[in-house]
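Please read the structure below before turning to the comments.
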Amino acid sequence: MEHWAERATTVRVVGTGIMGRGIAQVAAAAGLTVELADARPDAVEAAVAHVGGMFDKLVAKGRMSADDAAAARARLVPLDDPLAPAERLDLVVEAVREELATKRQLFQGLEKACPETTVLATNTSSLSVTGIGAGMSDPSRLVGLHFFNPVPLMKLAEVIPGTRTAAWIPDALTDLVRRFGHTPVRAPDTPGFLVNHAGRGLSTEALQIVAEGTARPVDVDRIARDVLGLKMGPFELMDLTGLDVSHPVLETIWEGFHYDERLRPSYLTRARYDAGLFGRKVGEGWYRYVDGVKEEPAEAAPMAEPAPVWVKGSERLRTMLRDAGIELSLSGVLLDVPGDSDPVNAGRDAARTLRVDPTGGFEKRIVLAVHPGASRDAARGALAALSATGRPVTVVADAPVSVARRLRASVVNVSCEIAQRRLASPGDIDTAVRLGLGYPRGPLEWGDEAGAASVASDLRTLHERTGDPRYRASRWLTDRAALGLPLTERGTSPQDVIGAR
């Protein structure tokens, strides 16, 4: 329906928890009348008061005028009944608990109570939009509209058409999301939609790295932050989201894509989930929390005096060590950068050869990889020498590909497969991940920055050395690496040739 988003004046939000309140706030601020409803009438009054208080805070911070805040508060309308009949209602957004039967029953009632022209939207984060609409008389009215918490700050919304959703609704809802001041992305009605699906690349590989003994959770988080530039490491993020949420999502997405090995979760989360180690909300997860503050293990401290070293492959690291007063000697500990050779097979020099990962340029952190055949004295001397540069040093087990590059390769590969399956456009994938997960760049942009051929090479090395099919590279990645094309471009498809969609 043309100009539906511009003409929309009234939205009903059903469910007045954290998500419902956030949706009501941005809708009222955008000029719409917002009806708030909940199964518990007392929750509605509390929600109206909360949203009004948020407008007052915005005024105090100078982000909203007093007149605009007063007008927005006046547009909040409490309802006694979520299924109250309506003569004019443009949109209903459901934000009730994540339970299929509950949502189905609600929408069956809403389609009877609301005008036939009302668009019905579910804010589900994990359930199939098509599955929710299966019990409706007219599922063409139903669409997914997934906001992220906290809604006023997370400026992204996934618009998710179900199999039966009317063709005009996704575009119309996309325009309304922009009116709310958010960025819309079109997401598929598949497990995890877009953001949660793309996010599996980081978490599943991080869990694999810990499960195989290469690094501890804190090591992976530090590398993710300081070497890759992420705002939060994967284990910090799981603690923030809550393993009670993250574990079922990991399992659901893996099962939903028929056990695609790229999405395979880890045995580590099941036991922690059963033990109730959900993270921040309960005071313990991958970390312990005291009064909401994370307790993080101390950085690696030298246990020996700095050893003389020799650096292979990095003038930058050699200069850093020389400026720190470390003796550079061909007979010292050999620091192999970027580590193209395998220290384990370095012959008579294996005991004194260690790898240092050059990813990130040593600006915020140095990562030292130790193999089983290394001399402990040599490794301790190398840690002391690297620590003398003033950078924190993370010590991990040596592996065919460094921790940072493994994390990056998995993130890129999972998103490449999303593009390969045409579940979302390259631009929407990158936008969704940047805004929804806080990555410094989109995964396909990240792959282009690293080089598609380099990412494909890392995956090939991991696949060959481990035999694990989780490292099977997506055709989107391998084709573009071979052709020298950007990962961010769709390229020519059969539809371009025959003119079909």
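My numbering puts the sequence shown at residues 1317 to 1817. By construction, the Cβ of each residue, glycine as well, lies at the ideal position given by its N, Cα and C atoms.
- Here E1410 is bridged, per DSSP, to V1330, T1438.
- For F1463, the enclosing beta strand (DSSP E) has its first and last residue at 1458 to 1463.
- Looking at the DSSP output, L1651 sits in a beta bridge with V1627, L1670.
- Counting only the Cα atoms, R1541 lies some 22 angstroms from L1566.
- For a cut-off of 8 angstroms, the C-beta gap from V1625 to L1651 is around 5 angstroms, short enough to register as a contact.
- Proximity to A1514 across G1763, A1614, E1733 peaks at E1733, based on C-alpha coordinates.
- Secondary structure of P1477 (DSSP, three-state): strand.
- It is roughly 48 angstroms from the alpha-carbon of V1813 to the alpha-carbon of E1403.
- DSSP places P1533 inside the alpha helix (DSSP H), whose first and last residues are 1533 to 1542.
- The Cβ-Cβ distance between M1335 and N1512 does not fall below 8 angstroms.
- Following the DSSP letters along the chain, one finds E1611 inside the beta strand (DSSP E) bounded by residues 1609 to 1611.
- In this structure, DSSP gives P1708 a state outside helix and strand, which the three-state scheme calls coil.
- With three or more CB-CB distances shorter than 8 angstroms, the stretch 1497 to 1504 counts as touching the stretch 1741 to 1755.
- Between T1325 and D1406 a beta carbon distance of about 6 angstroms is seen, short of the 8 angstroms cut, so the two are scored as contacting.
- With contacts defined as CB atoms closer than 8 angstroms, V1435 and I1476 fail to qualify as a contacting pair.
- Within the same chain, Cβ atoms closer than 7 angstroms to the Cβ of Y1755 are found at L1546, V1749, the five residues on either side in sequence being excluded.
- Restricting attention to L1684, L1492, A1768, the CA atom closest to the CA of A1345 is found in L1492.
- Linking L1646 to S1441 through their CA atoms gives a straight-line distance of about 57 angstroms.
- Per DSSP, I1814 is one residue of the alpha helix (DSSP H) stretching across 1810 to 1814.
- For the 8 angstroms CB-CB criterion, E1474 and A1503 form a contact.
- According to DSSP, P1500 shares a beta bridge with A1473.
- In the displayed model, E1765 falls within a helix according to three-state DSSP.
- V1686 is bridged by DSSP to A1713.
- Going by C-alpha positions, R1391 is about 32 angstroms away from S1444.
- Counting of Cβ neighbours within 10 angstroms places T1804 among the buried residues, the total reaching 16 or more.
- Note that the stretch 1364 to 1376 does not touch the stretch 1518 to 1532; fewer than 3 beta-carbon pairs, one per stretch, sit closer than 8 angstroms.
- Shortest Cα-Cα distance from T1557 to any of R1724, E1600, V1543 involves E1600.
- Assignment of T1349 by DSSP, reduced to helix, strand and coil, places it in the strand class.
- Residue burial annotation: K1419 is buried, with at least 16 other C-beta atoms found within 10 angstroms of its C-beta.
- Per DSSP, R1604 lies in no alpha helix (DSSP H) segment; the continuous beta strand (DSSP E) that holds it begins and ends at 1604 to 1606.
- E1415 and G1447 have their C-alpha atoms spaced approximately 11 angstroms apart.
- Annotation for R1681: R1538, I1539, D1542, V1543, R1707, P1708, V1709, T1710 place their beta carbon closer than 8 angstroms to its own, counting only its chain and skipping 5 residues before and after.
- Of the other Cβ atoms in all chains shown, fewer than 16 fall within 10 Å of the Cβ of G1783; this residue is therefore exposed.
- P1394 is bridged by DSSP to L1352.
- The distance from the Cβ of V1330 to that of V1408 is about 6 angstroms, consistent with a contact at the 8 angstroms cut-off.
- The stretch 1608 to 1625 makes contact with the stretch 1687 to 1698, as at least three CB pairs between them are under 8 angstroms.
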